[in-house]
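My numbering numbers the first residue of the sequence shown as 20 and each following residue consecutively.
C-beta: ideal position from N, C-alpha, C; glycine also.
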Amino acid sequence: MLYKAASASYSKQYVLVAQVNDTTHIQPQKLLAQVSNGTESIHDIRLFHEVEIFDLNKVQNNDNPPPTLLLALIEPQPGPDPASDLDAWYRQEHNQQMAEQPGWRRTCRYELSECAVGDAGGKAGGENVELRFLAIHEFGDENLLGDEVGVLEPVSEWTKRVMGQAVGIEAAIFRRVG
20 MLYKAASASY SKQYVLVAQV NDTTHIQPQK LLAQVSNGTE SIHDIRLFHE VEIFDLNKVQ
80 NNDNPPPTLL LALIEPQPGP DPASDLDAWY RQEHNQQMAE QPGWRRTCRY ELSECAVGDA
140 GGKAGGENVE LRFLAIHEFG DENLLGDEVG VLEPVSEWTK RVMGQAVGIE AAIFRRVG
């Protein structure tokens with residue numbers, strides 16, 4: 020499903036989200052070469068593998084794609100197990116906080132498997148930072164999201180630590196096209 024950034028100032032105006040059950044035959048670099056025909060700018064093509072589906076509403080199918088997505092990419096601080104605190108924060112705090120927002124449907128979390136970068140842009144989060152962890156927060160029409168990602172209140176000490184120690188963060192709101 021194709022989505023357009025809600026904010027005109029966001030550098031990546033479009034995102035295509037597709038569930039692929041078997042990625043073994045997908046080669047992002049070759050795919051990037053095929054879709055980059057010189058007329059459109061492609062930032063990158065990324066393959067992710069599933070980490071968690073937080074689905075209190077039991078949405079589970081893609082028959083009715085959500086009209087709005089909040090995409091959040093993050094790279095935690097390097098360490099022996101950089102993803103463990105991030106994962107615990109999502110599972111024990113942030114997922115529930117997102118679920119309490121008007122229009123929330125579910126949250127799907129992924130870790131980067133492979134990436135091909137196009138001519139239009141470097142790595143997400145900055146030239147030298149690859150953001151490996153993606154959260155796709157799905158929302159229905161009744162959401163109160165604007166065009167820019169805002170801070171969820173209250174901000175816990177855990178949230179401050181996770182965000183403060185992150186090497187890179189990128190987040191944007193997207194609306195379904197068509």
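Asked, Found
"Across which residues does DSSP place residue 133 in a beta bridge pair?", "66"
"Ends of the beta strand (DSSP E) at residue 154?", "152-158"
"Between residue 188 and the rest of its own chain, which residues show a CB-CB distance below 6 Å, the 5 nearest in sequence each way excluded?", "93"
"Secondary structure at residue 197, three-state DSSP: helix, strand or coil?", "coil"
"Straight-line CA distance for residue 43 to residue 132?", "11 Å"
"From the DSSP output, in three-state form, read off residue 34 for me.", "strand"
"Between residue 100 and residue 114, what straight-line distance do the alpha-carbon atoms span, to the nearest angstrom?", "21 Å"
"Are the beta-carbon atoms of residue 154 and residue 126 separated by less than 7 Å?", "yes"
"Under three-state DSSP, which class holds residue 147?", "Legend: pLDDT at residue 147 = 48, less than 50; position of this residue unreliable, no value from coordinates given."
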